[in-house]
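Chains as they are written, first to last, in our numbering: chain A, 63 to 178; chain B, 48 to 155.
The beta carbon of each residue, even a glycine, is placed where N, CA and C say it ideally should be.
From a predicted model like this one, the values you see are computed outputs, not experimental measurements.
Please read the structure below before turning to the comments.
Encoded structure:
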């Protein structure tokens, strides 16, 4: 079936503007993860959704970042009042069971965000 | 929280030789340790993982070892090939906390 998809693939915005990034997980996957990857760096965990449980927001860097997930489907990551240090690739992943199942995370292609 | 250290940051080996990448973690409660390969401009993909109830796992030319007492785990690639060139990431804390990555270069 289809893998994880993300949109847009590229986003250029001006400092101070809000952006919304979208992730469509693999159908049937109960867990969804957002990561940030700065150029040449590792993956930085942002937020984790598991079924109907309260999300683990422990990785969100500031209150300008928020995310929502509709049931066990699409998720949106919103960054308000963007700053230049927000420039990065934002990766979404999904997995069948989540952390309890210690199962494979499948990554989307990412959204490259550039804040001018 | 969990802290994952990965070494080396860059590793260059001759084609056919072995490559070893090492990671250490801080949270003794971590139980799941995946390794991802990310080729230039592409998404990370899982190549192998290990759980805390085993000490070693092998899949063809790739193996992972885990020492829970010392809180470190390693990726071993034998008989390296040009297509092994990529950035490799380890992770701990049930797969959420990643190392900074190792750029593996296979010299022909």
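Measure from the C-beta of residue i to each C-beta in chain B and report whether the shortest distance is under 9 Å.
i	result
residue 110 of chain A	yes
residue 103 of chain A	yes
residue 133 of chain A	no
residue 123 of chain A	no
Between residue i and residue j, what straight-line distance do the alpha-carbon atoms span, to the nearest angstrom?
i	j	result
residue 96 of chain A	residue 153 of chain A	6 Å
residue 67 of chain A	residue 116 of chain A	23 Å
residue 59 of chain B	residue 113 of chain B	23 Å
residue 160 of chain A	residue 87 of chain A	13 Å
residue 109 of chain B	residue 101 of chain B	16 Å
residue 169 of chain A	residue 84 of chain B	11 Å
residue 69 of chain B	residue 122 of chain A	27 Å
If we count the other Cβ atoms within 10 Å of its Cβ and call it buried at 16 or more, is residue i buried or exposed?
i	result
residue 111 of chain B	buried
residue 55 of chain B	exposed
residue 89 of chain B	exposed
residue 112 of chain A	buried
residue 131 of chain A	buried
residue 98 of chain B	exposed
residue 140 of chain B	buried
If you measure from the beta carbon of residue i to each beta carbon in chain A, is any gap under 9 Å?
i	result
residue 142 of chain B	yes
residue 147 of chain B	yes
residue 50 of chain B	no
residue 92 of chain B	yes
residue 120 of chain B	no
residue 55 of chain B	no
Which one or two residues does DSSP pair with residue i in a beta bridge?
i	result
residue 103 of chain B	B:112
residue 136 of chain A	In DSSP, residue 136 of chain A forms no bridge with anything.
residue 67 of chain B	B:123
residue 130 of chain A	A:138
residue 73 of chain A	A:175
residue 59 of chain B	B:152
For residue i and chain C, any beta-carbon pair shorter than 9 Å?
i	result
residue 96 of chain B	The structure shown has no chain C; the protein chains it does contain are A and B.
Could you check whether the region 70-78 of chain A touches the region 102-111 of chain A, counting it as contact only if at least three pairs of C-beta atoms, one from each stretch, sit closer than 8 Å? The answer is no - the region 102-111 of chain A does not touch the region 70-78 of chain A, with fewer than three Cβ pairs under 8 Å.
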